[in-house]
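What follows is a short report on a single structure.
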Amino acid sequence: MHDSNDKTFSYEIFAVTKNTTLLTTLNNSEHLTLRACVEKTLQDYFAHLDGAHVNDVYNLVLSEVEAPLFASVMQHVQGNQTRASEMLGLNRGTLRKKLKQYNLL
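Going by the working numbering, the letters in the sequence shown line up with residues 268 to 372, in that order.
Set out below in structure tokens:
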């Protein structure tokens, strides 16, 4: 966790328990849920398309969310795949497949 006077970080995500809402701190002052951050990012993305045709937004969003999720969890559990799979609620085979998909294994 960063010092509240540290102006160098742009955001942090905190989760204490399974039932805790993920909270993002933007610019040390604005608090948004992770869902709200994703929604805002998508709105910005669509606003800047300038009429361009887009395909596969679903997979784009999944890859942008999954890759840092798996990387962060693996770092948190110090590479222990069993603990990571339990934490994510996935079986180890699925976890390994995803880790390979995102070049994390």
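C-beta atoms are modelled at their ideal positions from N, C-alpha and C, and glycine is treated no differently.
Note that the structure is predicted; figures quoted are calculated from it, not measured.
- In chain order, Gln348 and Leu372 place their CB closer than 8 Å to the CB of Arg363, counting only its own chain and leaving out the 5 sequence neighbours on each side.
- Glu333 places its beta carbon 8 Å or farther from that of Lys307.
- For the pair Ala351 and Val344, the CB atoms are nearer than the 8 Å cut-off.
- When secondary structure is reduced to three states using DSSP, Leu371 falls in the coil class, being assigned neither helix nor strand.
- Counting every other CB atom within 10 Å of its CB across the protein chains shown gives Val324 a total below 16, marking it as exposed.
- Membership of His343 in the alpha helix (DSSP H) is indicated by the continuous run Val324 to His343.
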